[in-house]
Structures are given as C-alpha cells and as structure tokens.
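Down below is the structure, laid out as structure tokens.
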Amino acid sequence: ENRCIKDLKEYLLAVCGDKDTKEKLKSLLEDKASTVGLLVCRRFVNFPYEMVPKMYDSLFDEVSWATEDEPTQELQDSFRFKQYLLLVRILERKTPPKQKAKNNKDEDEPVIYPKLEDEIFREVSKHPAEVLAVFVFL
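For what it's worth, this note's numbering labels the leading residue of the sequence shown as -19, then goes sequentially.
See the structure below:
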C-alpha cells in the first residue's frame, strides 16, 4: 500500500467526528478497500448548477465503461466499485442565528453547504447503500 493512501486513510479517520460513521469508514478503508471508489469533487463555484447532475452521470458512465474498455482484466476489475466514498466540504455555523424563523429548516442546521449537491449527498449518505459521504469541516 502506498504511503499516500495510508496518510489519506489516517486523515479521513481523524476528521470523521461521528462514532458510527467512523466505524463504517474504518470498515470500508480496511476490510472493503478494494471495492471502494474515492470521489473528490472540487467543482468551481461558478460552474452552472444545472450541469451538476450531468457531470456526475458522465463520471459514473466513465467508470462503468472502464469495466469493459480497459485493456486488461486487472484494470477492468479495478473499476468495479461496490461503494463510493465521497469527500464533501461543509462549513460549521459558529454562532446560532439571532432570530429563528418558525418554518425555516436552514436556520436550525448547524452546517452550511457551499454547493447544492453537498446537501443532497448528505441526505443520500443517511442510507449508505452505495455512498458514504465524509463531511470535512473547514
């Protein structure tokens, strides 16, 4: 195993605050590492949000095609992921809002999602059949 992979695993476990998520992450990184794909997306803020679903569809299409189009069976198998680990950047709300709106769910949320898809991935990760999202506070 490469040193950079070991460092990445250590970092991810260190920043993962939730105990249950940390256990799932540890299992993925140790026991199931060969079937986990790592997604790191740093989409530009000014990238049109309407294109985001197409961007992810294209990414997963490419991974799927790689399982058939790569020149060797070993390379094809290296793209057969059962789960994806997604790194998502979120911001922590430092001070509570001064006035709480009665029906404003966003005001109760202790985190801020810089990109729309980050919040969607958080919802998807609550039912981690395929995606475990690790949320990194910056």
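Every residue, glycine too, gets a C-beta built ideally from N, C-alpha and C. Remember, predicted model here, so these are calculated numbers, not experimental data.
What do you reckon, are the CB atoms on residue i and residue j nearer than 7 angstroms?
i: LEU65; j: VAL16; result: yes
i: LYS(-14); j: LEU9; result: no
i: CYS(-4); j: LYS4; result: no
Pop quiz: residue i and residue j are said to be a contact at Cβ under 8 angstroms. What is the actual Cβ separation, rounded to whole angstroms?
i: VAL68; j: PHE101; result: 6 angstroms
i: PHE59; j: VAL43; result: 5 angstroms
i: LYS6; j: LEU(-7); result: 6 angstroms
i: THR47; j: GLN53; result: Not confirmed; about 10 angstroms, so no contact.
Report the option in the options whose CA atom is closest to the CA atom of residue i.
i: LYS74; options: GLN63, ILE92, PHE61; result: ILE92
i: PRO90; options: ASP98, LEU96, LEU71, SER105; result: LEU71
i: ARG23; options: MET35, LYS12, SER14; result: MET35
i: LYS106; options: ASP(-2), TYR(-9), LEU(-7); result: ASP(-2)
i: LEU96; options: MET31, LEU55, GLU48, ASP57; result: MET31
i: PRO94; options: TYR29, CYS(-16), LEU19; result: TYR29
i: GLN63; options: ARG(-17), LEU18, ASN(-18); result: LEU18
i: VAL20; options: SER14, ASP98, ASN(-18); result: ASP98
i: SER14; options: CYS(-16), PHE61, ASN(-18); result: PHE61
What residue range does the alpha helix (DSSP H) around residue i cover?
i: VAL43; result: 32 to 49
i: GLU3; result: -1 to 10
i: SER105; result: 96 to 105
Tell me the residue span of the beta strand (DSSP E) that contains residue i.
i: ARG(-17); result: Premise fails: ARG(-17) lies in the alpha helix (DSSP H), -17 to -5, not in any beta strand (DSSP E).
i: VAL20; result: 16 to 20
i: VAL68; result: 63 to 72
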